[in-house]
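Scroll down for the structure; my scribbles are underneath it.
Residue numbers (our numbering), protein chains in the order written: chain A, 151 to 504; chain B, 35 to 350.
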């Protein structure tokens, strides 16, 4: 029993960490630069599909897979998401916040539409499966029979070794990898926030005419923030694909479960605050998955009590009830605690500290 | 002239495009009014449309199940409209009004949240599966078919499409009367042009905002029911699917211009349907899977080239 709890906590940390990376990416766009991006799911899908096509073993169902090393796939996922964001930024960044919101939500839908319709490349609605997951992928034959593992032992020896391990051996490693990536991004963003770049971002967000008057290139800086945020989201998308191992365009990349949850996480944690973004992500993800257990338990109880009454439909609807409650939570936070749990702290200018 | 080309074009591309355009037009009226009077893009508009269609279905089900007689969707839509308008007013009171003095983006965020709340609520109450709105295959109107057949100009228009055309025209006329002849309509236009000036001249802005929700709600309701009549079923995603084309229509026509929204809606609806017509070669010009992309492309081009829209609306 205790062991099951350990695995549950590990999976909470893994998915929470992935969402934290999403929230950090959104924090660059919204928290730093004030760009209202509601197309997170689009960048996540770009990252996930790039990673999946590059790293899966060759398949007749979709383009590739090219079987590239996993870190390379993740890097290219970031770059692709950044390029897509750059193109969007060039067109849409001048728009007022409402229009940017409409444009980004539209782009996310178009990206999903492309992944759904270009069946030659993405296998359409049936999706891509067997996406290699970090650490776990070593126990696949194509990885342990090639470098770097082949330097240390014969395939037979590796096969025997992996067979002797319990089937969850990779879970702690994968969770720590996700958390490590999250930590590295956090440190980099924290550095960026305190640096002149971050302070300039705040200036642009708070008072655009003043920033423009003091000679800042507002449009270029905004595109920068948009691209950096999108690259982080692309990386998170690649990790998301690893966690799921099967991605398809409609249900995997449901705007409610990606875009919306990430927004609630950032707003709850505190927009503009990197620690807040991570705290919000873990908090909301814990509430989200715990509420699943509670609601399922409650439904089981109801089924036990009203024996014979058909309660099957309740089960399928429980997930929507959770979504509704999270939506209400967002409204409460927006109205009562608009600054979030950890409010933004403005860095003082180095010259200002005596 | 009326060869197989014209027959196919008119009946299978042009008329469906016009029907879709009418639905977008009615939805876009609400969006353009809230955008110009309350100054925010209401993301929950599509979901309200969808809720309206579900409520209509419920009224119809109650009528045929409990009272024992079937009613036409348009009749059932009347009591459902009241509920939808109520939903709009309650949403405004509790979720949008607190932000009236705050940044616009807060309200947009709140409406984005409302979109999810309303959709989930519908999914909890009615379940996530598709429901049949009107069963059976819609036959073309027999009278119109015979009449147009006799003059060698065969038109195959089902009754549901005729209802949609007539309904949209009726709504347009009522709206035009409201905006041009009544006191509240003139006040709405004044607030849309300049809220501060309108306030100074003694216009009750709160009343205008209520009127906006009522008018927008009634139009959204009509759009939702027409859409359900057209596709003959109900899905919880149908509101979200309509959202982007409706925004595109509102922006194309110019924010704050109801007639612009109607024109924009018709243009977007026609463009979406006609993009699948085999203009070049045999296959469709654009795969039907990309229909939504057409609306979006028009919107983006418009935002870059002429953000104030065709009718010189407000550009923020």
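Positions of the beta carbon are idealized from the N, C-alpha and C atoms, including for glycine. Only a predicted model underlies this, so the values are computations on that prediction, with no experimental measurement involved.
Going by the beta-carbon positions, is the gap between residue i and residue j smaller than 8 Å?
i                      : j                      : result
residue 220 of chain A : residue 284 of chain A : yes
residue 292 of chain A : residue 183 of chain A : no
residue 158 of chain B : residue 471 of chain A : yes
residue 421 of chain A : residue 181 of chain A : yes
residue 67 of chain B  : residue 318 of chain B : no
residue 299 of chain B : residue 130 of chain B : no
residue 347 of chain B : residue 302 of chain B : no
residue 192 of chain B : residue 176 of chain B : no
residue 138 of chain B : residue 300 of chain A : no
residue 150 of chain B : residue 342 of chain A : no
residue 77 of chain B  : residue 145 of chain B : yes
residue 393 of chain A : residue 168 of chain A : yes
residue 352 of chain A : residue 244 of chain A : no
residue 321 of chain B : residue 267 of chain A : yes
residue 114 of chain B : residue 333 of chain B : no
residue 110 of chain A : residue 435 of chain A : Outside the shown range of chain A (151 to 504) lies residue 110 of chain A, about which nothing can therefore be said.
residue 289 of chain A : residue 312 of chain A : yes
residue 396 of chain A : residue 277 of chain A : yes
residue 197 of chain A : residue 385 of chain A : yes
residue 371 of chain A : residue 350 of chain A : yes
residue 155 of chain A : residue 239 of chain A : no
residue 287 of chain B : residue 343 of chain B : yes
residue 75 of chain B  : residue 142 of chain B : yes
residue 284 of chain B : residue 65 of chain B  : yes
residue 399 of chain A : residue 195 of chain A : yes
residue 162 of chain A : residue 439 of chain A : yes
residue 419 of chain B : residue 261 of chain B : Past the edges of chain B, shown from 35 to 350, lies residue 419 of chain B, and the structure says nothing about it.
Going along the chain, which residues of its own chain have a beta-carbon closer than 7 Å to the beta-carbon of residue i, five neighbours each way excluded?
i                      : result
residue 330 of chain B : 278, 282
residue 213 of chain B : 219, 222, 223, 292
residue 473 of chain A : 406
residue 218 of chain A : 204, 205
residue 328 of chain A : 164, 167, 168, 389
residue 85 of chain B  : 118, 121, 152, 156
residue 174 of chain B : 190, 191, 192
Output needed for residue i: all residues of its chain with C-beta closer than 8 Å, excluding positions within five of it in sequence on either side, in chain order.
i                      : result
residue 169 of chain B : 266
residue 35 of chain B  : Residue placement at residue 35 of chain B is poorly supported in this model, since its pLDDT is 47, which falls under 50; the coordinates still yield a value, given next. Closer than 8 Å at the Cβ level, and outside the excluded window around residue 35 of chain B, lies no residue.
residue 419 of chain A : 173, 425, 426, 427, 428, 429, 430, 431, 433, 490, 491, 492
residue 98 of chain B  : 104, 105
residue 159 of chain A : none
residue 361 of chain A : 350, 353, 354, 368
residue 232 of chain A : 377, 378, 380, 381, 384
residue 230 of chain A : 196, 197, 200, 384
residue 446 of chain A : 465, 468
List the residues that DSSP assigns as beta-bridge partners of residue i.
i                      : result
residue 166 of chain B : B:267
residue 174 of chain B : B:192
residue 278 of chain A : A:397
residue 444 of chain A : In DSSP, residue 444 of chain A forms no bridge with anything.
Which same chain residues, not among the five before or five after residue i, have their C-beta less than 6 Å away from its C-beta?
i                      : result
residue 504 of chain A : Its pLDDT being 47, under 50, residue 504 of chain A is placed unreliably in this model, and the value from its coordinates should be taken loosely. For residue 504 of chain A, where only same-chain residues beyond five positions count, there are no Cβ hits under 6 Å.
residue 483 of chain A : 417, 418
residue 263 of chain B : 107, 194
residue 287 of chain A : 293
residue 328 of chain B : 305, 306, 309
Q) Mind listing which residues of the segment 117-148 of chain B have their C-beta closer than 9 Å to chain A's C-betas, in chain order? A) If the cut-off is 9 Å between Cβ atoms, the segment 117-148 of chain B has 128, 129, 132, 133, 136, 137, 138, 139, 140, 142, 143, 144, 146, 147, 148 near chain A.
Q | Near-chain B residues of the segment 230-247 of chain A - C-beta to any C-beta below 8 Å | A | So the close ones are 241, 242, 245, 246, 247.
**Q.** Ordered list of alpha helix (DSSP H) runs contained in the segment 378-429 of chain A, each at least 4 residues
**A.** Here the runs fully enclosed are 411-419.
Q) Could you give the uninterrupted runs of the alpha helix (DSSP H) lying entirely in the segment 175-217 of chain A, keeping only those of 4 residues or more? A) As summarised for the segment 175-217 of chain A, the continuous alpha helix (DSSP H) elements at least 4 residues long and confined to that stretch are 190-205, given in chain order.
Q.
If the cut-off is 8 Å on Cβ atoms, which residues from the segment 188-212 of chain B count as contacting chain A, listed in chain order?
A. Cβ contacts with chain A: none found.
Q: Residues of the segment 176-201 of chain A with a CB closer than 7 Å to any CB of chain B: list them in chain order, please.
A: Per Cβ criterion, the list reads 186, 188.
Q: Counting only runs of 3+ residues fully inside the segment 312-339 of chain A, write out the beta strand (DSSP E) ranges in chain order.
A: Counting only unbroken stretches of 3 or more residues, no beta strand (DSSP E) element lies wholly within the segment 312-339 of chain A.
Q: Please list the segments of the alpha helix (DSSP H) lying wholly inside the segment 75-141 of chain B, counting only runs of 4 or more residues, in order along the chain.
A: Counting only runs of 4 or more, we get 79-96, 107-125.
Q.
To be precise: take each residue of the segment 70-92 of chain B, compare its Cβ to all Cβ atoms of chain A, and keep it if any distance is under 7 Å. Which residues remain?
A. Result list: 74, 75.
Q: Could you name the residues of the segment 316-337 of chain B whose beta carbon sits closer than 8 Å to any beta carbon of chain A, in the order they occur along the chain?
A: Result list: 321, 323, 324, 326, 327, 330, 333, 334, 337.
Q) Closer than 8 Å, Cβ to any Cβ of chain A: which residues of the segment 147-171 of chain B, in chain order? A) Of all residues in the segment 147-171 of chain B, 147, 148, 150, 151, 153, 154, 155, 157, 158, 161, 162 have a Cβ within less than 8 Å of some Cβ in chain A.
Q: Give the residues from the segment 466-482 of chain A that approach chain B closer than 7 Å (Cβ to any Cβ), ordered along the chain.
A: Within the segment 466-482 of chain A, the residues whose Cβ lies closer than 7 Å to some Cβ of chain B are 466, 467, 470, 471, 473, 474, 477, 478, 480, 481, listed in chain order.
Q: Can you give me, in chain order, the residues of the segment 267-286 of chain B that have a beta carbon less than 7 Å from any beta carbon in chain A?
A: Residues are counted here when their Cβ sits less than 7 Å from a Cβ of chain A; for the segment 267-286 of chain B these are 278, 281, given in chain order.
Q: Quick one: which unbroken alpha helix (DSSP H) runs of 4-plus residues sit fully inside the segment 197-276 of chain B? Chain order, please.
A: Entirely contained in the segment 197-276 of chain B, the alpha helix (DSSP H) runs reaching 4 residues are, in chain order, 217-227, 229-234, 239-265.
Q: Tell me the start and end of each unbroken alpha helix (DSSP H) in the segment 235-296 of chain A that is at least 4 residues and wholly inside, in chain order.
A: As summarised for the segment 235-296 of chain A, the continuous alpha helix (DSSP H) elements at least 4 residues long and confined to that stretch are 247-267, 269-272, 291-294, given in chain order.
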